[in-house]
Structure formats: structure tokens, C-alpha cells
Amino acid sequence: MQQSGIERLDSHHQQFIQQQALAFRFTQQELRQLCDIATDLTMWGEAGLNEVWPEIDSEKLAPKQRRQRLLQQLRNHWLQLKEQPNSYPALPLAPAHDTQRIKRTHTEKTKLALGLCPVASPRTRCCNLMTLDAVENCGFDCSYCSIQSFYHGDEVRFDSRFGEKLAQLEIDPDRFYHIGTGQSSDSLMWGNQAGILDALLDFARSHPNVMLELKTKSKNISHLLKTDCPPNLLCTWSLNTPTLIANEEHLTATLDERLRAARRLADRGVLVGFHFHPMIHYQGWRADYAALFQRLVDEFTADEVVLVSLGTLTYIKPVIKQLRTRKGFHSKILQMPMVESDGKLSYPQAIKQEMFSFAYQSLRAWHDKVFFYLCMENHHLWQPVFGYEYPSNLAFEEAMKQAYLSKIRNIGDRGER
Ligand code: SF4
172 MQQSGIERLD SHHQQFIQQQ ALAFRFTQQE LRQLCDIATD LTMWGEAGLN EVWPEIDSEK
232 LAPKQRRQRL LQQLRNHWLQ LKEQPNSYPA LPLAPAHDTQ RIKRTHTEKT KLALGLCPVA
292 SPRTRCCNLM TLDAVENCGF DCSYCSIQSF YHGDEVRFDS RFGEKLAQLE IDPDRFYHIG
352 TGQSSDSLMW GNQAGILDAL LDFARSHPNV MLELKTKSKN ISHLLKTDCP PNLLCTWSLN
412 TPTLIANEEH LTATLDERLR AARRLADRGV LVGFHFHPMI HYQGWRADYA ALFQRLVDEF
472 TADEVVLVSL GTLTYIKPVI KQLRTRKGFH SKILQMPMVE SDGKLSYPQA IKQEMFSFAY
532 QSLRAWHDKV FFYLCMENHH LWQPVFGYEY PSNLAFEEAM KQAYLSKIRN IGDRGER
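The sequence shown finishes on residue 588 if you use the numbering used here, and the numbering steps up by one all the way, no holes.
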């Protein structure tokens, strides 16, 4: 019983499974399956294991067959819930944490955390983004976020010598770089705490051949509004539908707040961009995303927008295991059809193609003016979605950089500074 993960369940479910375990004499592996299914049903807000427990006519069946028949029926029920687009309740799913639970600590790290994008893979078409970690761990609570499985609980770490090390970073003046923050924590939610934003802005000013991307789900642009932002600064918002923000992106800024923040920076001539990652397939997704895409083309011009990236939920098994251990965790992000995809688990290709094509076609007003790309996806998807693809990650990276460079140059032409 201990090995089955039963401790993840509430006492009511624990008691129920213990009773059934005595009656059916489940093996340890069968108990683990039962506990996983019970955990998922609770996490998804569906009827609990005890409510869907099937009646098994035990007279005719041997004990082993009885168990197998029962598990098969439960597994079919679980799979059926995963196969259909999930529906979000009227009242958003409760977050595991209802307030900012984090503790800020200042530590002195030896090295600057600069490296290749942590989720890049040779098996997917990737842009070779370089990521810079100004802060470790995040104060937001997005249910699908794998960052949280990397870091230490509720502690958020600021590197006390970050600015100093960044200023000493050697940059080749003859090369164009795309460096992004926002992989290890949100780029803007902390404002200029520990001088992180000033350090980043100084770095961009000193290196006009670096496109510095600050990725965020925050509305906290107050420091940037007070500062003269360099033309090679790019602020990008991860966007999602109001239903998904309310149910899966806890403690983050609302859609209105994110778009308003982007609008205010664009009004000051700062380049902006939008990431739709993860797009999630749920009942009503088309109408909800259509409304979102329409708002974008209504509220922003292609000149102001550098990029639109598309991506979706992808998991490695340790992250799924970690999500199932979170107490009081309510989410539908695991209630989805999953297939093995480039070493990870994700939607079947058909669903991805449907969502990404819908997104790209909904933003056709920006085709050839804004740089569109798939993030962390197989190169096979590019042609059916975009009608083109890059032969290599290097070609992708090069095309992205040329597109970004021309937007930076455009700013000068637009005379917005
Ligand atoms: S495409 Fe996405 S996953 Fe790949 S390197 Fe770029 S940002 Fe990272």
C-alpha cells in the first residue's frame, strides 16, 4: 500500500481503496494504477473513483480475472475522459495556493546562468534561443509549468551579483544574439528588485547586437515605463484564453491586464510579441481563441509585433509524477489524449495541427510581417501549419534573427524614439 502512492489521496479515497484492496487482493502495480486513476479523477474535478467503481459479477470469474476486468473498466473510463476535449467548470478550478506563498532569498551564485534553452531538443525544430536566468523559481502558479519541478519549493532566489556578472559577460560584437529571460522565473513580476531590470536594460544598451527578450505573464511594467528602453529590447507576453488563465494560470495577470501592459509599452515604441504556449484543446477552444486572436489584430499593428509563437502541452514522465503528488491540486492539463512525441508525451499530431493551423489562419493579417514559429515541435508540423519549414535549427535561428533585426531597424524608421 505504501508503495502505491495512496498517501496522495484524501482520507476518504484511502479508506475506500484499502477496503477494495482487501476484497480484491490487488498487486502493487494494480494498486499504483488505481491510485493514479483516483488522483487524476480528483485533480480533474470528475466523479471520484468510488463513484465510478464498476459492479463486477464475481461468481463466474477467477480472482485474477475479476481484478483484471475491474481495472480494465476503470481504465476505459479514465481513457474516455482523456480522449474527449475537457470542459472547464463555470467556477474556475481552485488553485493549490491562494496567495503569493514565496520566500525571497538573495544568494551569491558563482556563474551567470546563461545557456541554451532548457527545453530545446535535437528531435524538434528549435530556434537555439539562449536563456538567461535572472531569478530562480517563479511566484506565479501555472499548473502545467515544469519549472516548479526544478526548483526548491516556495523559495525564489535572486543572485546578488547578477548585474555585475552580466556587465562582465563577453559578447562578440560581430554576431547577433537572441537572449531571453522568463524560463526560470517570470521576467517582469519582480519589477526592478535586486536591480535585475536595470542590469538587463544596461546590458541591452551596451550590446545593440543582442535582441533581449523578456517573457512574462505579468502586468508589472511600472519600472519600464519610467525608463528609456533600448530598441533591442523585446517584451513578450504568454497569452491564453480567459478560461485557461482562470483555471490553469493561477496568480498571473488577467488577459486584459497583459494586453493593456503590452499596449502601453508598444505606445512607447517598445517591441512586443506573443506566445501561445500552451494552446489547450478543450470544449469551446475555437471560439475562445478566435476572440483572443481578433483582439490582437484589433489592438496591435504588425509593425509593433515581432513574433508569435505557438506550442502546446508536452510532458516528461517525472513532471507527470510530480504533478500527481501536489496536494489540493485541481487542473485538467493531464486530462488529454497523450501520445509519445519526440521523447515527450503530448497531443496527437492531428490535434496539434488543428490548433496551430487555426491560430495561424486567424492571424493571417500578420503573415509575412510578423515572425511566426512553432516552439518545441517536430519539423513535420511546420509545412501543414505554415506552408513552409526550415531545413535545420540553424536555418530557423537565422531566419528568426533576420526578422528581429529588421524590426529593430524599423523602429528607427518609424521615428518612435
Ligand atoms: S523553439 Fe522553443 S524550445 Fe526550441 S529553443 Fe526555441 S524557445 Fe526553446
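Even glycine gets a Cβ: it sits at the ideal position worked out from N, Cα and C.
On a predicted model such as this, the values are computed, not experimentally measured, just so you know.
Straight-line gap, residue i to residue j (C-alpha atoms, nearest Å)
i	j	result
Thr210	Ile227	22 Å
Asp539	Asp469	18 Å
Gly147	Leu545	The requested residue 147 is not part of the displayed model; the chain covers only 172 to 588.
Gln255	Thr302	36 Å
His349	Phe333	19 Å
Ala194	Gln204	17 Å
Arg212	Thr412	What sits at residue 212 in the sequence shown is Leu, not Arg. C-alpha separation (whole angstroms): 24 Å.
Ala536	Met382	25 Å
Ser377	Asp369	12 Å
Val479	Trp408	10 Å
His183	Gly176	15 Å
Leu385	Gln506	31 Å
Gln251	Ala437	45 Å
Met547	Val477	19 Å
Met214	Lys235	29 Å
Leu494	Phe500	8 Å
Ala223	Gly366	According to the sequence as given, residue 223 is Val; it is not Ala. Roughly 54 Å separates the two Cα atoms.
Arg196	Gln243	16 Å
Ile582	Asp474	8 Å
Arg457	Arg466	14 Å
His394	Pro449	28 Å
Glu326	Ala375	28 Å
Ser533	Phe464	6 Å
Trp249	His277	45 Å
Leu217	Leu180	Leu is not the amino acid found at residue 217; the sequence shown has Glu there. In a straight line, the C-alpha of Glu217 is about 14 Å away from that of Leu180.
Gln364	Ala521	44 Å
Arg588	Gly514	Note that Arg588 scores a pLDDT of 48, beneath 50, so its modelled location is shaky; the value from the coordinates is reported in the next line. Rounded to whole angstroms, Arg588 to Gly514 spans 46 Å at the Cα level.
Gln554	Ser528	10 Å
Ser355	Leu371	15 Å
Minimum C-alpha distance to residue i - residue among the options
i	options	result
Leu202	Leu285, Met214, Gln239	Gln239
Gly353	Asn380, Ser331, Lys388, Gln465	Lys388
Val306	Leu442, Ser314, Arg328	Arg328
Ile273	Ile392, Met360, Lys253	Met360
Asn299	Tyr575, Lys578, Met571	Met571
Phe187	Asp207, Leu220, Met214, Gly216	Leu220
Tyr146	Ser528, Ser512, Ser502	Nothing about residue 146 can be read from this structure; the chain reaches only from 172 to 588.
Arg294	Tyr575, Asn581, Leu552, Ile579	Leu552
Ser358	Thr472, Ala473, Ile392, Leu252	Ile392
Ala280	Asn380, Asp330, Gln189, His394	Residue 280 is actually Lys in this sequence, not Ala. Nearest option by C-alpha distance: Asp330.
Ala593	Val490, Thr198, Asp312, Thr278	The requested residue 593 is not part of the displayed model; the chain covers only 172 to 588.
Glu346	Gln243, Ile582, Arg580, Leu576	One detail in the question is off: residue 346 reads as Arg in this sequence, not Glu. Comparing Cα-Cα distances from Arg346 to each of Gln243, Ile582, Arg580, Leu576, the minimum goes to Leu576.
Ala261	Gln454, Ser317, Gly310, Ala433	Gln454
Met526	His446, Thr423, Val556	Val556
Ser517	Ile342, His452, Lys498	His452
Lys282	Glu568, Asp304, Pro289, Gln200	Asp304
His421	Leu264, Cys406, Val290	Leu264
Leu426	Gly440, Leu442, His446, Arg439	His446
Ile342	Leu180, Leu285, Ala530	Leu285
Arg237	Arg497, Ala192, Asn308	Ala192
Met509	Thr496, Lys397, Ile491, Leu245	Ile491
Reduced DSSP secondary structure (H/G/I, E/B, other) of residue i
i	result
Glu307	strand
Phe447	strand
Phe195	helix
Lys386	strand
Asp325	coil
Cys206	helix
Gly455	coil
Tyr561	coil
Asp469	helix
Arg588	Its pLDDT being 48, under 50, Arg588 is placed unreliably in this model, and the value from its coordinates should be taken loosely. Here Arg588 sits in coil by DSSP.
Trp224	coil
Glu154	An answer regarding residue 154 cannot be provided, because it is not within the stretch 172 to 588 covered by the chain.
Glu568	helix
Thr412	coil
Val290	coil
Lys498	coil
Val556	helix
Phe374	helix
Val477	strand
Thr407	strand
Tyr575	helix
Ile350	strand
Lys336	helix
Met526	helix
Asp427	helix
Arg593	Since the displayed the chain opens at 172 and closes at 588, residue 593 lies outside it and no answer follows.
Test: residue i CB closer than 7 Å to a CB of chain B
i	result
Phe329	Given the protein chain composition of this structure (a single chain), no chain B is represented.
For the ligand SF4, which residues have a Cβ under 5 Å from at least one heavy atom, in chain order? Every residue passing the under-5 Å Cβ criterion appears here: Cys288, Val290, Ala291, Cys297, Cys298, Leu300, Cys546, Met547.
Tell me, please, whether the region 334-343 touches the region 560-572 by the rule of three or more beta-carbon pairs shorter than 8 Å. The region 334-343 is not in contact with the region 560-572.
Indicate whether the contact test is met: 3 or more Cβ pairs, each with one atom in the region 394-405 and one in the region 482-491, closer than 8 Å. No, the region 394-405 does not touch the region 482-491.
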